[in-house]
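Enquirer:
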Amino acid sequence: MSASIKFTPTFVQTKNVRTFETMMNGLMIGKGGQGEGDERLGCVWGRAGRGKTRTVQTWAAKNGCVYIETVSVWTELDFLQKLCFELGVRQIPHRRGRCFEMVIEKMLISSLPIFIDEIERFGQKFLEIIRDLVKITGGTIVLIGEEELPHLMSQNRRIWSRTYRAMEFEPVSPSDIIMYVGQCTGLKMGTEATEIMHKASGGDLRIVRRDTINLAHAASSLKRTGEVDAELARIACKQGLQG
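At the far end of the sequence shown sits residue 458, using my numbering, and the numbering has no gaps.
1. Is TRP274 helix, strand or coil by DSSP?
2. Between LEU358 and ALA415, what straight-line distance do the alpha-carbon atoms span, to the nearest angstrom?
3. VAL286 CB to nearest chain C CB: under 8 Å?
4. Nearest to LEU437 by CA position, among ALA451, ARG425 and ASP426, is which residue?
5. Name the DSSP bridge partner or partners of GLY257?
6. For VAL349, report the span of its alpha helix (DSSP H) as first-last.
7. Since GLU284 sits in a beta bridge, which residues does DSSP pair it with?
8. Return helix, strand or coil for VAL227, following the three-state DSSP convention.
9. Which word fits GLN370, buried or exposed, when buried means at least 16 other C-beta atoms lie within 10 angstroms of its C-beta?
10. Is the number of C-beta pairs between the segment 295–304 and the segment 268–280 that are closer than 8 Å three or more?
11. Quick check for students: name the residue ranges of the alpha helix (DSSP H) that lie wholly in the segment 366–418, counting only runs of 4 or more.
12. What would DSSP say about VAL304, mapped onto helix, strand or coil?
13. Excluding five sequence neighbours on each side, which residues of the same chain lie with their C-beta closer than 8 Å to the C-beta of THR237?
14. Candidates GLY264, VAL227 and GLU254: which alpha carbon is nearest THR273's?
15. Would you call the segment 394–411 and the segment 286–293 in contact, with 3 or more CB pairs under 8 Å?
16. Report whether the distance from the Cβ of HIS366 to the nearest heavy atom of the ligand ADP is below 7 Å.
17. Any contact of the segment 346–357 with the segment 251–268, i.e. 3+ C-beta pairs under 8 Å?
18. Between the segment 257–266 and the segment 362–381, do three or more beta carbon pairs fall short of 8 Å?
19. Residue range of the alpha helix (DSSP H) that PHE315 falls in?
20. Since LEU367 and LEU402 are thought to touch, with beta carbons under 8 Å apart, how far apart are those beta carbons, to the nearest angstrom?
21. With PHE330 and VAL271 assumed to form a contact (beta carbons below 8 Å), what rounded beta-carbon distance in angstroms separates them?
22. Taking the C-alpha atoms as reference points, what is the distance between ASP391 and ILE344?
23. Opposite VAL232 in the DSSP bridges: which residues?
24. Suppose contacts are defined by Cβ-Cβ distances below 8 Å. Is PRO389 in contact with GLY418 by that definition?
25. With 16 as the cutoff for other CB atoms within 10 Å, does HIS413 come out buried or exposed?
Listed below in structure tokens is the structure:
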């Protein structure tokens, strides 16, 4: 009896992941001590579904960094209180000014970057708060968002001049799909099957994940253990379209 093909969630080192790691290495050059070095901003952007958030969360967790995903209803006080909480402030203030001071205190004793996701939804006012934080502390904050983020940042010269590194999460490539399917299922992709899944994904890693789960299920049901062919790829993608 052939072994069942299963999907095992795996963090795959796609091209975007490798580029992000290179960006972070460059961004942190010369940063090592308390308030050491000049203030720096990073910018990571791209369409939804390309793996930005998962990549940043994984890197932040691995390196002990603060990661914050913003919420649309937040006020400036909510934002600063969340920063206080994530930075380990025990008694979180109820006023903006005091919250800001506590964040400054925490940032001055750590050289680790802070990651803030979807900040562009709040416009220039929140960017000014972030600029003040890095200006006063000499710290590093990396902003993550969709296509409008770099445009918003570049409209503010004081923000853009402090942006040391910026990268776009590009569409998933055929080689990324081969790697993803192989590491998550153990299946080897044929050339035509890869092309079919790549076209169906539209460069979206979430769709690749969905279709890979369907692929593992179809391969197991049909007892396919060899190279994934076009027929199997079409079955997987069709299942995804049907929900």
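Using N, Cα and C, we set each Cβ at its ideal position, and we do this for glycine too.
Expert: On the basis of the coordinates in this document:
1. Reduced to three states, the DSSP call for TRP274 is helix.
2. 30 Å
3. Absent here is chain C; the protein component of the structure consists of one chain.
4. ALA451
5. Residue pairing by DSSP places GLY257 opposite VAL357 and ARG380 in a beta bridge.
6. Counting along the chain, VAL349 sits inside the alpha helix (DSSP H) bounded by residues 339–352.
7. ASP332.
8. coil
9. exposed
10. Contact check between the segment 295–304 and the segment 268–280: fewer than three CB pairs, one atom from each, fall below 8 Å, which does not count as touching.
11. 372–375, 389–400 and 406–416
12. Coil at VAL304, not helix or strand.
13. none
14. VAL227
15. no
16. Judged by which ligands are present, the structure shown has none, so any question about the ligand ADP falls away.
17. yes
18. yes
19. That run of the alpha helix (DSSP H) goes 311–323.
20. Their Cβ separation, rounded to whole angstroms, is 41 Å, which puts LEU367 and LEU402 out of contact at 8 Å.
21. At roughly 5 Å, the Cβ-Cβ gap stays under 8 Å, so PHE330 and VAL271 are in contact.
22. 37 Å
23. Looking at the DSSP output, VAL232 shares a beta bridge with no other residue.
24. no
25. Residue environment analysis places HIS413 among the buried positions, since at least 16 neighbouring C-beta atoms fall within 10 angstroms of its C-beta.
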